[in-house]
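In full-length UniProt numbering, the protein residues as written are 1 to 293. First up is the structure itself, then whatever we jot down about it.
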Amino acid sequence: MVANNFGDGIIQLHSPKLLSFLLLLFLLNPSATPLTFNFPSFSNGTTNISLEGDAYIDGKFIKLTKKPEELKVAENIGRATYHKPFLLQEKATGKLADFTTHFTFIIDSGHGDGLVFFLAPNGSLVNIAIGGGGKLGLPVEDLPGGMSRTQYPFVAVEFDIFQNTRPSIQDPPNDHVAIDINSLKSNSTMTWNGGIDKAKLNSAWISYNSSSKNLSVAFTSFLNGTNGTQVEIIRYLSYMVDLKQYLPDWVIVGFSAATGDDIAVHRIVSWNFTSTALVDEQHTSISSAKSQC
Numbered sequence: 001m002v003a004n005n006f007g008d009g010i011i012q013l014h015s016p017k018l019l020s021f022l023l024l025l026f027l028l029n030p031s032a033t034p035l036t037f038n039f040p041s042f043s044n045g046t047t048n049i050s051l052e053g054d055a056y057i058d059g060k061f062i063k064l065t066k067k068p069e070e071l072k073v074a075e076n077i078g079r080a081t082y083h084k085p086f087l088l089q090e091k092a093t094g095k096l097a098d099f100t101t102h103f104t105f106i107i108d109s110g111h112g113d114g115l116v117f118f119l120a121p122n123g124s125l126v127n128i129a130i131g132g133g134g135k136l137g138l139p140v141e142d143l144p145g146g147m148s149r150t151q152y153p154f155v156a157v158e159f160d161i162f163q164n165t166r167p168s169i170q171d172p173p174n175d176h177v178a179i180d181i182n183s184l185k186s187n188s189t190m191t192w193n194g195g196i197d198k199a200k201l202n203s204a205w206i207s208y209n210s211s212s213k214n215l216s217v218a219f220t221s222f223l224n225g226t227n228g229t230q231v232e233i234i235r236y237l238s239y240m241v242d243l244k245q246y247l248p249d250w251v252i253v254g255f256s257a258a259t260g261d262d263i264a265v266h267r268i269v270s271w272n273f274t275s276t277a278l279v280d281e282q283h284t285s286i287s288s289a290k291s292q293c
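Here is the structure:
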């Protein structure tokens, strides 16, 4: 007989007691929940991207907005998110995850509106009624029932190509990249020339350091060179923000865009994302409850 000693007793290898003990060890080991994915391109068969509004996958790209001939109404709004959320913070300790993402995109436009990369509470959906036009698909005003913006939280990085002068937004005069928290009245901005008149391929790198609370953005921009050429450079933007003050434990990540009277077509060409592992307290709580049965 093969046996193992636990305290004063002897438990057979295939006994219910040993199986229960091993199961208990498994349950008491909290689960780590990092999120990692990589899309070099997007095929029509891609199933782990959630699409809302006018967004769709067209061959190799995610198209957040449609061409004029594809539209049934004047306003055009679309959102694409990864189908699984990620754990941004541990509820018990308040510890935040680090994350980094890189994506490439094309905006083909006569200076319609831009697009955003965002984090929002898990389960949130695009609100077509309040996210159109210069609001970039985000719930920033005209909220239902007089609700506060803090009831529709988001943290976003916008790549904007239209100066919106309404009081709730107040864009700078040039195309720009900006960091937004629950509002499109941006917390930090930087001038951007994305070459949209030539439908240039742009790249962006966004990262969050949970120790320093630094949300940083690096992005391509184009300067006029000699003989009508454009020179690609990298510009930088950052903002210090404690994300746990604005977002819940579980969040979704993705992109949104919208247009009004001026048309723009927004394409996400590639996208990768990774976050660090945290302890899922819900799993731990379930495990603890089972251990006390």
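Cβ coordinates follow ideal geometry from the N, Cα and C atoms, glycine included. Given the structure is predicted, the values throughout are model-derived calculations rather than measurements.
Q) In the region 32-87, which residue ranges form an unbroken beta strand (DSSP E) of at least 3 residues, counting only runs that do not cross its ends? A) 36-39, 49-53, 56-58, 61-63, 76-82
Q.
If you follow the beta strand (DSSP E) that Asn-224 is in, where does it begin and where does it stop?
A. 214-224
Q.
Mapping the DSSP letters down to three states, classify Asn-122 as helix, strand or coil.
A. coil
Q: Could you check if Tyr-208 is buried or exposed, using at least 16 other CB atoms within 10 Å of its CB as the buried criterion?
A: buried
Q | CA-to-CA distance, Thr-81 to Trp-271, given in whole angstroms | A | 11 Å
Q. Looking only at C-alpha atoms, which of Gly-59, Leu-215, Asp-113, His-102 sits nearest to Gly-78?
A. Asp-113
Q.
Checking 8 Å against the spacing of the C-beta atoms, do Phe-273 and Phe-105 come in under that value?
A. no
Q | Cut-off 6 Å between Cβ atoms - residues of its own chain near Phe-86, not counting five sequence neighbours on either side | A | Leu-35, Ser-275
Q. Does the distance from the CB of Phe-219 to the CB of Asn-193 come in under 8 Å?
A. no
Q. In chain order, what residues of the same chain lie with their CB nearer than 7 Å to the CB of Glu-232, ignoring the 5 residues before and after it?
A. Thr-220, Phe-222
Q. When you compare only the Cα positions, how much space is there between Lys-244 and Glu-52?
A. 26 Å
Q: Mind checking which residues open and close the beta strand (DSSP E) that includes Gly-254?
A: 250-259
(Q) Does Val-279 come out as helix, strand or coil in the three-state DSSP assignment? (A) strand
Q.
If you measure between the beta carbons of Ala-178 and Thr-189, is that distance less than 8 Å?
A. yes
Q: For my contact list, Val-217 and Ser-238 are in at a C-beta cut-off of 8 Å; report their separation, rounded to the angstrom.
A: 7 Å
Q | Separation of Ser-211 from Lys-84, as counted between CA atoms | A | 25 Å
Q: Could you spell out where the beta strand (DSSP E) holding Ile-206 opens and where it closes?
A: 201-209
Q. DSSP three-state call for Ile-161: helix, strand or coil?
A. coil
Q | Minimum C-alpha distance to Ile-196 - residue among Phe-159, Asn-214, Asp-180, Asn-227 | A | Phe-159
Q: Assuming Ser-41 contacts Lys-60 (C-beta within less than 8 Å), just tell me the rounded distance between them.
A: 5 Å
Q: Tell me whether the beta-carbon of Val-251 lies closer than 8 Å to the beta-carbon of Ala-120.
A: yes
Q. For Glu-232, which beta-bridge partners are listed by DSSP?
A. Phe-222
(Q) Please report the distance separating the alpha-carbon of Thr-229 from that of Lys-198. (A) 11 Å
Q. How would you label Leu-25, buried or exposed, when you count the other beta carbons within 10 angstroms and need 16 or more for buried?
A. Below a pLDDT of 50, predicted positions are generally treated as unreliable, and Leu-25, at 41, falls in that range; no measurement from the model is reported.
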